[in-house]
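Protein chains: 2
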Amino acid sequence: MTWQYRTVHCGEVSKEHIGQEVVLNGWVQKRRDLGGVIFIDFRDRTGIVQIVFNPEYNKTAWEIADKVRSEYVLAVKGTVVQRDPEAVNPKLKTGEVEVHVAEIEVLNDAKTPPFVIEDEIDVDEQVRLKYRYLDLRRPEMQRALLLRSKASKAFRDFLDSRGFVEVETPILTKSTPEGARDYLVPSRVHPGEFYALPQSPQLFKQLLMISGLERYYQIARCFRDEDLRADRQPEFTQVDIETSFLSMEELLPMMEQMVAHVFKETIGVDVPTPFPRLTYAEAMARYGSDKPDIRFGMELTDVSDLVANCNFKVFAGAVATGGQVKAINAKGCGHYSRKEADDLGKFAARYGAKGLAWMGFKDGEVKGPIAKFFSAEEIDALKQRLAAEEGDLLLFVADKPKVVADALGALRSKLGEELGLIDHSKFAFLWVVDFPLLEWDEEAQRYVALHHPFTRPKDEDLHLFETDPGQIRAQAYDMVLNGYELGGGSMRIYKRDVQEKMFKALGFSQEEARKQFGFLLDAFEYGTPPHGGIALGLDRLVMLLAGRNNLREVIAFPKTASASDLMTDAPGQVSPLQLAELNITTTVKEEDEQE
Amino acid sequence: MTWQYRTVHCGEVSKEHIGQEVVLNGWVQKRRDLGGVIFIDFRDRTGIVQIVFNPEYNKTAWEIADKVRSEYVLAVKGTVVQRDPEAVNPKLKTGEVEVHVAEIEVLNDAKTPPFVIEDEIDVDEQVRLKYRYLDLRRPEMQRALLLRSKASKAFRDFLDSRGFVEVETPILTKSTPEGARDYLVPSRVHPGEFYALPQSPQLFKQLLMISGLERYYQIARCFRDEDLRADRQPEFTQVDIETSFLSMEELLPMMEQMVAHVFKETIGVDVPTPFPRLTYAEAMARYGSDKPDIRFGMELTDVSDLVANCNFKVFAGAVATGGQVKAINAKGCGHYSRKEADDLGKFAARYGAKGLAWMGFKDGEVKGPIAKFFSAEEIDALKQRLAAEEGDLLLFVADKPKVVADALGALRSKLGEELGLIDHSKFAFLWVVDFPLLEWDEEAQRYVALHHPFTRPKDEDLHLFETDPGQIRAQAYDMVLNGYELGGGSMRIYKRDVQEKMFKALGFSQEEARKQFGFLLDAFEYGTPPHGGIALGLDRLVMLLAGRNNLREVIAFPKTASASDLMTDAPGQVSPLQLAELNITTTVKEEDEQE
Chain A
861 MTWQYRTVHC GEVSKEHIGQ EVVLNGWVQK RRDLGGVIFI DFRDRTGIVQ IVFNPEYNKT
921 AWEIADKVRS EYVLAVKGTV VQRDPEAVNP KLKTGEVEVH VAEIEVLNDA KTPPFVIEDE
981 IDVDEQVRLK YRYLDLRRPE MQRALLLRSK ASKAFRDFLD SRGFVEVETP ILTKSTPEGA
1041 RDYLVPSRVH PGEFYALPQS PQLFKQLLMI SGLERYYQIA RCFRDEDLRA DRQPEFTQVD
1101 IETSFLSMEE LLPMMEQMVA HVFKETIGVD VPTPFPRLTY AEAMARYGSD KPDIRFGMEL
1161 TDVSDLVANC NFKVFAGAVA TGGQVKAINA KGCGHYSRKE ADDLGKFAAR YGAKGLAWMG
1221 FKDGEVKGPI AKFFSAEEID ALKQRLAAEE GDLLLFVADK PKVVADALGA LRSKLGEELG
1281 LIDHSKFAFL WVVDFPLLEW DEEAQRYVAL HHPFTRPKDE DLHLFETDPG QIRAQAYDMV
1341 LNGYELGGGS MRIYKRDVQE KMFKALGFSQ EEARKQFGFL LDAFEYGTPP HGGIALGLDR
1401 LVMLLAGRNN LREVIAFPKT ASASDLMTDA PGQVSPLQLA ELNITTTVKE EDEQE
Chain B
861 MTWQYRTVHC GEVSKEHIGQ EVVLNGWVQK RRDLGGVIFI DFRDRTGIVQ IVFNPEYNKT
921 AWEIADKVRS EYVLAVKGTV VQRDPEAVNP KLKTGEVEVH VAEIEVLNDA KTPPFVIEDE
981 IDVDEQVRLK YRYLDLRRPE MQRALLLRSK ASKAFRDFLD SRGFVEVETP ILTKSTPEGA
1041 RDYLVPSRVH PGEFYALPQS PQLFKQLLMI SGLERYYQIA RCFRDEDLRA DRQPEFTQVD
1101 IETSFLSMEE LLPMMEQMVA HVFKETIGVD VPTPFPRLTY AEAMARYGSD KPDIRFGMEL
1161 TDVSDLVANC NFKVFAGAVA TGGQVKAINA KGCGHYSRKE ADDLGKFAAR YGAKGLAWMG
1221 FKDGEVKGPI AKFFSAEEID ALKQRLAAEE GDLLLFVADK PKVVADALGA LRSKLGEELG
1281 LIDHSKFAFL WVVDFPLLEW DEEAQRYVAL HHPFTRPKDE DLHLFETDPG QIRAQAYDMV
1341 LNGYELGGGS MRIYKRDVQE KMFKALGFSQ EEARKQFGFL LDAFEYGTPP HGGIALGLDR
1401 LVMLLAGRNN LREVIAFPKT ASASDLMTDA PGQVSPLQLA ELNITTTVKE EDEQE
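Listed in order, the protein sequences are those of chains A and B.
Heads up: the first sequence begins at 861 in this note's numbering, then just goes up one per residue.
Heads up: the second sequence begins at 861 in this note's numbering, then just goes up one per residue.
Following this line, the structure appears as structure tokens:
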């Protein structure tokens, strides 16, 4: 490494360099021999430039270049030259120039990779994950990593500018009785005891507020040992924030500005603020979801009053037994066949709907098996309520409110996508607020905290602790983008009397509360300021910024749905000595382990 | 929270605010009642301001203030007033003003804390750690957290400006056979298998170089299950860096600039660059340490040639059997008593020295039991070699080079401190370079890698693989500050032939190498660029920036020497159900667990 250190990046060679001698470092993307002249598409992190070897420029260099193959690592020195007009490649940023090479050094050779290093390859994801180090060479993956790095920086810059202090909280911490399943770490020094990896730094960030730090943030790794879905990873990253002496009305606008800053700095998009707000009740009523995609309409419409006395027993019966009937209007789907409508019914069934009734308007007639149960007046009233016209399709679910919301909410999302109602260039943010504080747990026959037991109730609902705890609304909020929950948070309880009411509503005695939350309750007694915060999922946010639909596309070394790393083959066997030192044994029989 | 939100921080109230109405939020540091007027030292993250309650300003506020105690949380509104000249407090930044309070709200009360919230308290560290949330309220701890946040930001800003990309690497990864003891995490989905927490992102950062990322960094959490010393924590943070296409000669100056940037941005100190460099051999010879404190002299001096034939058999014998005799000159210690010299001998014995010989020059005489074995010429020669004068004390160790270095190196550090030779305002950086690549392992009767098996040898030493592998010097480097190793790194092997020579020197067959390093060796075959990097210990660096001598003073929630968190009481017991789900059991008997 003397002359070989690059003077310019491949993707940045431009007409300004014409006539200059440059040194480039990178990888061979493609090599072609045209009539004894060798053309190489030469790639580094920034892009591709064409380098040319001709015996006339330098015979030795040309001879070496004749032997290089894809993914060889080279250092080359040469002169930047304007391409002939007919050789200009408008698809390439550097397409007006090329580099005529006088010196070359092969820094390393390469086997033929298992897939081509370029975008939009059709390769099984398992293979990509096994050879992640090659997959990450592809420009779209490099862009994703750079975007992620930029997003983190934008978050930090904003938070630093607002007086937030970054604090690192422990990864080896204590297992908590509530919440998701913990990952455990056996302690060698304390036989029979375990650390837990944090599901979030919740506890520590509240303690930092008690410590008077006032504004905390951390881009924090969190862990949940749950069964994984496409949009979950066993370890994930959240932008974790907590503040003191601010109310929701100060915090939420600040968080909007933060997210707007991140979008501007990373992808140049202006996010309008303030974000609209929907109460939880309204979101569920209008969209059947607490994370609605508001880029399109097709809202859920309650028709219970219109069908309460109709002849269709399923509808009338649902209303009579405390349920409801709601519908959405699938514009322009009046031509759907019975088969197509039945398929939608099967889809709705996955969300708990016992049936999906439908009514299509086509050729001036009302289609569908339920049509005969309704009078012309009833049908007119339904059409009017749902703004249905000739050519439209109404889809009804009659059930308990939760089932109606789940099924019609899911149908709405599906149809919104399929009918092309969604503007994919749009970023539609909103806050969902006024979540219920408590949820009735049928199994345990008691209230449980919807968020966590330290979530602060709305001041005006405090009196409901005595009369109707289920109606108490929390000072909790979720930030929602395009149908995804980006994150959420709450103001926390800081007054002892409120905390006691909360524990009472949860059915905890003083002793039980102490046993479960121990030292945190102690901490609360030494001068706790009003505080609250939020946590945003960085992986999901970057996924949306990058326009991808899978978290694995924006994580350098992700895990599969079975929490495996296909590259390192983690998790794996360990030696008996390691387990002995940790005072544990596995309960797996040897024949099982072979599987 | 309406009027109560602060308009200015306590520590920032100044003469510019005189006459203005301000709102403050914070904690009661101290409350005094002087003739019916209440003075409160009111504290937030930024400092303290005096707030005054007088029935004449507002009776209600005064009555409330009469009941508040230390650590109560208040919001107050009042007018900033210039203090009377005799009431000015020059010790306080805000000491020229005070706030006359018209409104007060007690946001929360507080029990009496177990210790006073102020600097330089004399409290057992165990108590501080148990009540860490109160300990962190103390100004010096707040300063430490802010300094740490600032240092992280300075590292990031520098690295971002140099094209480094921040990448998050996994925490749930695979156990590696070499290195320190891993923390393990049982997998629920893969019974009998385990993840390991990373000792460093070494593997992943090299893979990112193979991925063509070119410049990577991460402020990374790392884990080692080792027996802890005062300056170790089971989880620690390192500034982890890797680059491609750069040689040591490009990387090291860049790292110097980075550290200089951090020192300038955090504590305003100008660090001169370039850093001096010492070879490992030179550092060991002159300072008896591979992390020498070069803020003072008192170098180790070889006198083997002068004493090879002397009558003192211990010296002559050591030289004759391949050992050496070295000495340091403790200036001005010629008056040490035999007892004092013997105590130094006991200290040296801890580092393996079988004895410490001494020779003092006092009252024109040569003191010490060994003096009689030396001729006047020999003594003159020793004095001259060590620049010893009347009043000095020479301390000798005769042994194998390692023992001589360890014992005299430790003595040098001890005496440097005790004799006040160290300028504690100084930051003396250096690089130690040219570490040996291999170390002979007596037990295993083979060479082992001093750093790791991918450390690149110096080009000019490659031929020694065939003849004398122990003499090969590595392209490895440690950054040293004031006797502490801040971090280290190396250029990595990227050529297959060099890697094969390395494995051969370590006694690995191809199959063994594959078994141990598996997919990493695969990865190396697909076009690996020349690369290398470094990792700096953030905890230690911040400790030195803060002028502290214990890592726990710069970590928000540290662990004790037995890897416990005294606040959360982690690690702890978990439920049998949790263990059953993970397919493990503990081998600890119940009576043991009670201990």
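Glycine included, every Cβ here is placed at the ideal spot set by N, Cα and C.
CA-to-CA distance, residue j to residue i, given in whole angstroms
i	j	result
Tyr1386/B	Asp969/A	7 Å
Leu1032/B	Ala1209/B	43 Å
Asp1252/B	Glu1142/B	25 Å
Ile1353/B	Ala1190/B	44 Å
Lys1318/A	Gln1335/A	5 Å
Tyr1077/B	Thr1315/B	19 Å
Val882/B	Gln1002/B	24 Å
Val868/A	Arg905/A	12 Å
Gly1280/A	Cys1082/A	36 Å
Cβ of residue i within 7 Å of any chain B Cβ
i	result
Ser1047/A	yes
Asn949/A	no
Phe1096/A	no
Ile1070/A	yes
Gly1432/A	yes
Asp901/A	no
Arg1092/A	no
Ser1009/A	yes
Min CB distance residue i to chain A below 7 Å
i	result
Val1099/B	no
His1195/B	no
Glu931/B	yes
Tyr993/B	yes
Thr867/B	no
Tyr1386/B	yes
Pro1261/B	no
Asn968/B	yes
Arg1081/B	yes
Ala1383/B	yes
Ser1035/B	yes
Chain-ordered chain B contacts of residue i [CB-CB under 7 Å]
i	result
Leu1442/A	Leu1044
Among the options, nearest to residue i - alpha-carbon criterion
i	options	result
Phe1156/A	Ile1188/A, Thr1139/A, Val1167/A	Ile1188/A
Val1099/B	His1312/B, Val936/B, Asp1425/B, Ala1011/B	Ala1011/B
Gln1117/B	Thr1133/B, Glu985/B, Ser1435/B	Thr1133/B
Gly1128/B	Phe1135/B, Val1119/B, Thr1103/B	Val1119/B
Gly1194/A	Asn1169/A, Gly1220/A, Phe1207/A	Gly1220/A
Trp863/B	Val987/A, Ser1107/A, Pro1094/A, Ile1332/A	Ser1107/A
Glu916/B	Leu894/B, Val961/B, Glu946/B	Val961/B
Contact set between residue i and chain B, taken where Cβ atoms lie within less than 8 Å
i	result
Lys1013/A	Arg1016, Asp1020, Glu1026
Beta-carbon neighbours of residue i, restricted to chain A and to distances below 7 Å
i	result
Val1448/B	Pro1051, Gly1052, Asn1443
Thr1161/B	Residues of chain A passing the Cβ test: none, with the nearest at roughly 38 Å.
Residues that residue i contacts on chain A, provided the C-beta gap is smaller than 9 Å
i	result
Ala1423/B	Leu1032, Ser1047, Arg1048, Val1049, His1050, Tyr1055
Listed in chain order, which residues of the stretch 1354-1378 of chain B have Cβ atoms closer than 9 Å to some Cβ of chain A? For the stretch 1354-1378 of chain B, which is checked against every Cβ of chain A, the residues closer than 9 Å are Tyr1354, Lys1355, Arg1356, Gly1378.
Residues of the stretch 1049-1068 of chain B with a CB closer than 8 Å to any CB of chain A: list them in chain order, please. Val1049, His1050, Pro1051, Gly1052, Glu1053, Phe1054, Tyr1055, Ala1056, Leu1057, Leu1063, Phe1064, Leu1067, Leu1068
Closer than 9 Å between beta carbons: that is the criterion. Which residues of the stretch 879-899 of chain B meet it against chain A? Asn885, Gly886, Trp887, Val888
Chain-ordered residues of the stretch 1301-1322 of chain B with a beta carbon less than 8 Å from chain A: none
Note down, in chain order, all residues in the stretch 1107-1126 of chain A with a beta-carbon under 7 Å from any beta-carbon belonging to chain B. So the list reads Ser1107, Glu1110, given in the order they occur along the chain.
Taking a Cβ distance cut-off of 9 Å, strictly less, list which residues of the stretch 908-933 of chain A are near chain B, in chain order. Residues passing the 9 Å Cβ filter: Ser930, Glu931, Tyr932, Val933.
Interface positions of the stretch 960-987 of chain B facing chain A (Cβ-Cβ less than 7 Å), listed along the chain: Leu967, Asn968, Ala970, Lys971, Pro973
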